[in-house]
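Everything below concerns the one structure shown next.
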Amino acid sequence: MSRIRGGHNFYQIRLSDQKISASREMLDILLALDLNTIETHRKSVKDGGFILYDSEIAKKKFEEPEFIDIPFRKMALDVGKNSVMANTVATGAALGILSIGLEALKNILRETFERKGNEIVQNNIACAEAGYNYAVKNCPRCENFGIREPEYKRLMLITGLQTIGMGAIMSGCKFYSAYPMSPSTGIMEYFASRAEEYNLVVEQAEDEIAAINMAIGASFAGVRAMTGTSGGGFALMVEGLSLTGMTETPLVIAEMQRPGPATGFPTRTEQGDLLFILHAGHGEFPRVIFEPGTPKQAFYLTNRAFELAEKYQIPVFIQSDQYLAESEWTFENLDLENLIYNDYRMREEDLKGIEDYKRYKYSSTGISLLAIPGEAGKHLVVADSDEHDEEGHIVEDSETRIKMVQKRLLNKLPLVKKEIEAPLLYGDSSPKIVIVGHGSTYGVIKEVIDTISKDKKVAMLHFSQIYPLSERDRFDYIGLLENADLTICIENNATGQFAKLIRAETGFEFSHQISKYDGRPFTIENLKEELHAYI
Amino acid sequence: MPTSEDYKGQVPAWCPGCGNFQILSTIKQALIELGIEPWEVLVVSGIGQAGKLPHYINCHTFNGLHGRTLPVATAAKLANHSLHIIAVAGDGDCYGEGGNHFLHAIRRNPNISLLVHNNQVYGLTKGQASPTTAEGTYTTIQPYGVLQESMNPLAMAISQNCSFVARGFAGDQEHLKELMKAAITHKGFALLDILQPCVTFNKINTFKWYRDRVYKLGNDYDPSNQVKAFEKSLEWGDKIPNGIFYKHERDIFEERVPAIQEKPLVRQKFSIEEVKHEIEKFY
Chain A
49 MSRIRGGHNF
59 YQIRLSDQKI
69 SASREMLDIL
79 LALDLNTIET
89 HRKSVKDGGF
99 ILYDSEIAKK
109 KFEEPEFIDI
119 PFRKMALDVG
129 KNSVMANTVA
139 TGAALGILSI
149 GLEALKNILR
159 ETFERKGNEI
169 VQNNIACAEA
179 GYNYAVKNCP
189 RCENFGIREP
199 EYKRLMLITG
209 LQTIGMGAIM
219 SGCKFYSAYP
229 MSPSTGIMEY
239 FASRAEEYNL
249 VVEQAEDEIA
259 AINMAIGASF
269 AGVRAMTGTS
279 GGGFALMVEG
289 LSLTGMTETP
299 LVIAEMQRPG
309 PATGFPTRTE
319 QGDLLFILHA
329 GHGEFPRVIF
339 EPGTPKQAFY
349 LTNRAFELAE
359 KYQIPVFIQS
369 DQYLAESEWT
379 FENLDLENLI
389 YNDYRMREED
399 LKGIEDYKRY
409 KYSSTGISLL
419 AIPGEAGKHL
429 VVADSDEHDE
439 EGHIVEDSET
449 RIKMVQKRLL
459 NKLPLVKKEI
469 EAPLLYGDSS
479 PKIVIVGHGS
489 TYGVIKEVID
499 TISKDKKVAM
509 LHFSQIYPLS
519 ERDRFDYIGL
529 LENADLTICI
539 ENNATGQFAK
549 LIRAETGFEF
559 SHQISKYDGR
569 PFTIENLKEE
579 LHAYI
Chain B
443 MPTSEDYKGQ
453 VPAWCPGCGN
463 FQILSTIKQA
473 LIELGIEPWE
483 VLVVSGIGQA
493 GKLPHYINCH
503 TFNGLHGRTL
513 PVATAAKLAN
523 HSLHIIAVAG
533 DGDCYGEGGN
543 HFLHAIRRNP
553 NISLLVHNNQ
563 VYGLTKGQAS
573 PTTAEGTYTT
583 IQPYGVLQES
593 MNPLAMAISQ
603 NCSFVARGFA
613 GDQEHLKELM
623 KAAITHKGFA
633 LLDILQPCVT
643 FNKINTFKWY
653 RDRVYKLGND
663 YDPSNQVKAF
673 EKSLEWGDKI
683 PNGIFYKHER
693 DIFEERVPAI
703 QEKPLVRQKF
713 SIEEVKHEIE
723 KFY
């Protein structure tokens with residue numbers, strides 16, 4: 049949840065020595081820096097959990113046993129000489145409660161405040177120590193939560209937005225144009241922060257219409273390009289999307305969903321744009337939609353998006369949501385070994401022997417040579433948003449129209465479909481209960497499956513490559529669903545859009561659907577509770 | 443040197459007598475005289491009668507969406523600034539649908555030229571009012587006459603410090619050619635508004651109507667003064683001045699983008715190996 053400086057703001061952290069992949073509803077420790085936080089989140093604190101607060105800041109004293117009153121502000125003033133360091137005191141106190149050492153925190157304080165000078169660094173470290181020592185000495189009820197001092201394994205800490213940005217840069221993307229919109233802006237920020245190091249052009253457009261048309265212009269001119277936005281901004285990009293379809297200009301578009309309609313919940317999450325993205329754009333043209341289940345998968349799929357966009361000269365979407373985009377996750381690594389980069393652009397030397405280059409030359413694959421204007425010798429590159437002939441010039445006749453629709457759409461569709469990987473099956477290999485999810489629900493479904501699989505034949509079927517659906521010859525996932533007794537589709541939207549897609553594409557109808565549309569992600573507890581009605 | 447044969451395109455589908463024919467042949471002549479080869483030029487257009495122009499000239503072409511000429515042209519220039527890029531648009535296309543992009547292209551100041559075929563009417567959709575149609579003009583969907591004041595694109599561009607602002611007349615090709623050459627060779631964003639009679643839908647602003655009114659800015663006119671230029675741009679009626687209203691040089695967009703100072707973006711090689719270390723920053 050991100051607000052700027054006004055209003056209620058909070059951050060939820062879940063840690064474990066096991067691999068975890070979802071958020072929980074209930075809290076072990078609530079670290080409250082104001083009264084509003086206590087009032088809003090008190091009900092989420094588990095039995096036996098703690099609420100660390102400062103009665104001076106809250107201007108209220110709580111007598112219930114879960115409350116631990118720690119003078120964050122006073123210690124910050126005494127030790128750090130500045131009340132703003134109350135949060136550092138509080139963080140130290142939380143680590144004291146958890147019996148986790150202060151070394152990692154000290155390093156973070158050094159890195160964070162280095163630019164503000166040594167005094168600020170030392171004062172913050174002193175505040176962290178004060179909070180820590182206070183908690184160790186004065187918190188009689190602080191038991192061990194089973195958290196051990198970490199082994200300091202080398203882990204990455206990264207968001208979905210950053211893995212998408214990194215995936216793009218490692219795919220040779222050199223141009224990013226966008227208009228700021230939560231929760232997609234982090235991709236543009238990431239690009240801008242790397243522009244100098246990797247020679248990238250990042251342009252903040254005057255609106256989303258300009259953003260997508262700029263990305264198209266750069267791609268037409270021979271550079272791998274990308275744009276990103278959220279639902280409302282994507283609504284403005286729709287005509288441009290159709291332009292990529294007609295001109296066969298490769299483009300990768302990131303759509304980070306937030307709850308709509310209209311302005312909706314700008315800083316909350318939802319999977320409500322799936323059918324919009326699927327159907328966006330007038331006319332018929334091919335597209336691919338990926339919706340990663342984790343930031344790690346987002347990295348891989350962004351690379352794949354650039355490959356498919358350029359190979360087939362089509363738009364490819366990375367669709368995700370605020371939850372996956374902005375949450376920070378830890379990973380041991382990302383999959384660098386399987387990165388691919390194939391340059392499908394044609395330059396003068398690639399076109400040797402071709403007398404008469406035609407941008408939209410008919411072919412059985414539907415793919416025509418993608419020459420770079422100005423870099424292809426004397427060959428001319430002509431692109432048109434009107435229906436056009438092989439050279440790219442306006443036509444009106446039905447014969448050319450039919451051939452062009454076959455070329456850019458019908459010939460490409462089966463080839464694109466072959467590129468799509470099968471959904472992931474996790475759990476029992478011939479399950480009686482199948483829980484189906486797509487995109488960011490991956491983690492929560494997986495953890496829930498882990499808790500119920502011992503006595504039930506249950507599995508998760510997770511889709512991260514959601515359109516087109518993969519061919520069923522390698523893995524008949526519809527057959528698997530048909531053989532199960534109970535099939536439940538989990539979605540972070542109100543109308544079960546993915547279930548509709550599956551039914552439209554395959555005829556299969558889920559026995560049950562679970563929808564969540566309060567603008568919050570599924571947590572382990574609420575998914576378990578919802579499933580309890582069926583399992 | 444390129445010849446007119448090199449620039450020969452498709453047969454135009456414009457009404458006989460349309461002012462666009464003069465604009466088309468003048469662009470070709472200007473490019474030939476500047477010694478620019480067809481494969482060195484990208485013409486970007488939107489939709490409208492003007493938007494069809496790149497099909498009638500033989501060079502790189504991107505004929506995109508209505509109003510979206512400038513974002514495509516600007517980004518193509520960022521991707522490959524070694525190309526000469528000419529944006530071609532109509533008055534409805536550039537001043538109406540694409541008005542926002544027009545303002546921001548002036549701010550960015552990319553080294554591209556914008557030729558606006560200003561016929562003061564919507565031709566492609568058969569005769570509705572455009573942003574530059576005179577107030578009070580009757581059309582099929584403005585039965586009470588146009589209720590809005592017409593837009594003054596030159597005044598707007600000058601007010602925003604556009605680095606080159608000029609106006610020509612399709613009926614004076616020799617003068618128009620000199621203005622086009624000046625716009626194309628100007629370093630920075632160059633607006634050339636072209637008075638273009640529409641023989642089918644605009645029965646007011648005819649060739650004769652313009653001929654009776656246009657005059658050329660003389661040698662005594664100083665195009666370096668923004669305030670004077672703004673004042674001059676307000677002159678419209680019995681006398682219509684044509685020529686270079688305002689001209690100054692300031693840094694162009696491509697020179698301010700660090701990534702493309704050594705060579706065009708499109709010529710920069712990529713290898714995964716060179717960027718893999720990026721991941722280390724997240725540990």
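Protein sequence lines correspond, in order, to chains A and B.
Counting with the numbering used here, you get residues 49 to 583 for the letters of the first sequence.
Counting with the numbering used here, you get residues 443 to 725 for the letters of the second sequence.
Here a beta-carbon is modelled for each residue, glycine too, at the ideal position from N, C-alpha and C.
Computed from a predicted model, the values in this text were never measured in an experiment.
Distance check for Leu248 (chain A) and Glu239 (chain A), CA to CA, integer angstroms please. It is worth fixing the name first, because residue 239 (chain A) is Phe in this sequence and not Glu. When rounded, the distance between both Cα atoms is 7 angstroms.
Taking the alpha-carbon positions, what's the Lys776 (chain B) to Glu704 (chain B) distance? Outside the shown range of chain B, which is 443 to 725, sits residue 776 (chain B), and nothing can be said about it.
Environment of Met580 (chain B) [buried if 16+ CB atoms lie within 10 Å]: One point to set straight first is that residue 580 (chain B) is Tyr, not Met, in the sequence displayed. With fewer than 16 Cβ atoms within 10 Å of its Cβ, Tyr580 (chain B) is classed as exposed.
When we look at the beta-carbon of Gln638 (chain B) and count the other beta-carbons within 10 Å, is it buried (16 or more) or exposed? The residue in question, Gln638 (chain B), is buried, as its Cβ has 16 or more Cβ neighbours within 10 Å.
When you check each C-beta in the stretch 202–224 of chain A against every C-beta of chain B, which residues fall closer than 8 angstroms? Listed by position along the chain: Arg202, Leu203, Met204, Leu205, Ile206, Gln210, Met214, Ile217, Met218, Gly220, Lys222 and Phe223.
Beta carbon of Asn553 (chain B) nearer than 7 angstroms to that of Pro706 (chain B): No. Outside cutoff.
Neighbour flag for Lys658 (chain B) against chain A, beta carbons, 7 angstroms: Lys658 (chain B) does not count as touching chain A.
Please determine if the stretch 142–150 of chain A and the stretch 163–172 of chain A are in contact, where contact requires at least 3 C-beta pairs separated by less than 8 angstroms. Two segments are said to touch when three or more pairs of C-beta atoms, one from each, lie closer than 8 angstroms; by this definition the stretch 142–150 of chain A does not touch the stretch 163–172 of chain A.
Going by beta-carbon coordinates alone, are Leu634 (chain B) and Cys604 (chain B) separated by less than 7 angstroms? Not closer than 7 angstroms, so no.
If we count Cβ pairs, one from each stretch, closer than 8 angstroms, do we get three or more for the stretch 469–484 of chain A versus the stretch 353–363 of chain A? The stretch 469–484 of chain A vs the stretch 353–363 of chain A: no contact.
Count the other CB atoms, across all protein chains shown, that sit within 10 Å of the CB of Ile362 (chain A); report buried if there are 16 or more and exposed otherwise. Under this definition Ile362 (chain A) is a buried residue.
Supposed close pair Lys674 (chain B), Pro683 (chain B) - CB separation, criterion 8 angstroms: Between Pro683 (chain B) and Lys674 (chain B) the Cβ distance is about 6 angstroms, and since that is below 8 angstroms, they are a contact.
Compute the Euclidean distance between the alpha carbons of Glu591 (chain B) and Tyr537 (chain B), then round it to the nearest angstrom. If you take the alpha carbons of Glu591 (chain B) and Tyr537 (chain B), they lie about 14 angstroms apart.
Any beta carbon from chain A within less than 7 angstroms of Tyr725 (chain B)'s own beta carbon? Chain A, which has a Cβ nearer than 7 angstroms to the Cβ of Tyr725 (chain B), makes this yes.
Which same chain residues, not among the five before or five after Glu318 (chain A), have their C-beta less than 7 angstroms away from its C-beta? Counting only residues of its own chain and dropping the five nearest sequence neighbours on each side, Glu318 (chain A) has a CB closer than 7 angstroms to the CB of Gln305, Arg306, Pro307, Asp369, Asn540, Asn541, Tyr565 and Gly567.
If you measure between the beta carbons of Ala216 (chain A) and Thr350 (chain A), is that distance less than 7 angstroms? Less than 7 angstroms separates the beta-carbon of Ala216 (chain A) from that of Thr350 (chain A).
Whole-Å CB distance - Tyr182 (chain A) paired with Met123 (chain A), under 8 angstroms assumed: That belief holds up - the Cβ atoms of Tyr182 (chain A) and Met123 (chain A) are roughly 7 angstroms apart, short of 8 angstroms.
Residues bridged to Asn505 (chain B) by DSSP? Answer is A:Asp432 and B:Ser487, bridged to Asn505 (chain B).
By a C-beta neighbour count over all protein chains shown, 10 Å radius and 16 as the cutoff for buried, is Lys185 (chain A) buried or exposed? Counting every other CB atom within 10 Å of its CB across the protein chains shown gives Lys185 (chain A) a total below 16, marking it as exposed.
Reduced DSSP category for Glu358 (chain A) - H, G, I as helix; E, B as strand; rest coil: Glu358 (chain A) falls in the helix class under three-state DSSP.
Taking His543 (chain B) as part of the beta strand (DSSP E), name the residues at either end of that continuous run. Looking at the DSSP string, His543 (chain B) is not in any beta strand (DSSP E); the run it does join, the alpha helix (DSSP H), is Gly541 to Arg550.
Check whether Thr535 (chain A) and Leu528 (chain A) have beta carbons under 7 angstroms apart: No, these two residues do not count as a Cβ contact at 7 angstroms.
What residue range does the alpha helix (DSSP H) around Thr627 (chain B) cover? Per DSSP, Thr627 (chain B) belongs to the alpha helix (DSSP H) from Gln615 to Thr627.
Reducing DSSP to helix, strand and coil, say where Pro496 (chain B) ends up. Of the three classes helix, strand and coil, the one that applies to Pro496 (chain B) here is helix, per DSSP.
Starting from Arg609 (chain B), trace the alpha helix (DSSP H) in both directions and tell me its first and last residue. For Arg609 (chain B), there is no enclosing alpha helix (DSSP H); the enclosing beta strand (DSSP E) covers residues Phe606 to Phe611.
Where does Gln545 (chain A) land, buried or exposed, given buried means 16+ other C-beta within 10 angstroms? By the neighbour-count rule (16 or more Cβ atoms within 10 Å), Gln545 (chain A) is buried.
When the Cα of Met443 (chain B) is compared with those of B:Tyr498, B:Ile478 and B:Ile626, which residue comes out closest? Looking from the CA of Met443 (chain B), the closest CA among B:Tyr498, B:Ile478 and B:Ile626 belongs to B:Ile478.
Within 7 angstroms of any Cβ in chain B, is that where the Cβ of Asn155 (chain A) sits? No, because no Cβ of chain B sits closer than 7 angstroms to the Cβ of Asn155 (chain A).
Give the list of continuous alpha helix (DSSP H) stretches no shorter than 4 residues that lie fully inside the stretch 77–143 of chain A. For the stretch 77–143 of chain A, whole alpha helix (DSSP H) runs of length 4 or above, ordered along the chain, are 83–89, 103–106 and 120–123.
Give me the residue from A:Asn386, A:Ile483, A:Tyr360 and A:Thr571 with the minimum Cα distance to Ala547 (chain A). Looking at the Cα atoms, A:Ile483 is the closest of the given residues.
Where does Ile148 (chain A) fall in DSSP's three states? Three-state DSSP puts Ile148 (chain A) in coil, outside helix and strand.
What distance in whole Å lies between the Cβ atoms of Ala226 (chain A) and Met236 (chain A), which are believed to be in contact at a cut-off of 8 angstroms? With a contact defined as Cβ atoms closer than 8 angstroms, Met236 (chain A) and Ala226 (chain A) qualify at about 5 angstroms.
So, are the CB atoms of Leu382 (chain A) and Ile721 (chain B) less than 7 angstroms apart? With contacts defined as CB atoms closer than 7 angstroms, Leu382 (chain A) and Ile721 (chain B) qualify as a contacting pair.
Between the CA atoms of Ser524 (chain B) and Phe504 (chain B) - distance to the nearest angstrom: Going from the Cα of Phe504 (chain B) to the Cα of Ser524 (chain B) covers about 16 angstroms.
Cβ-Cβ separation, Thr582 (chain B) to Val563 (chain B) (assumed contact under 8 angstroms), whole Å: Contact between Val563 (chain B) and Thr582 (chain B) is ruled out by a C-beta separation of about 11 angstroms, above the 8 angstroms threshold.
Considering Cα atoms alone, identify which of B:Val641, B:Ser555 and B:Met593 is closest to Ala612 (chain B). Answer by Cα proximity: B:Val641.
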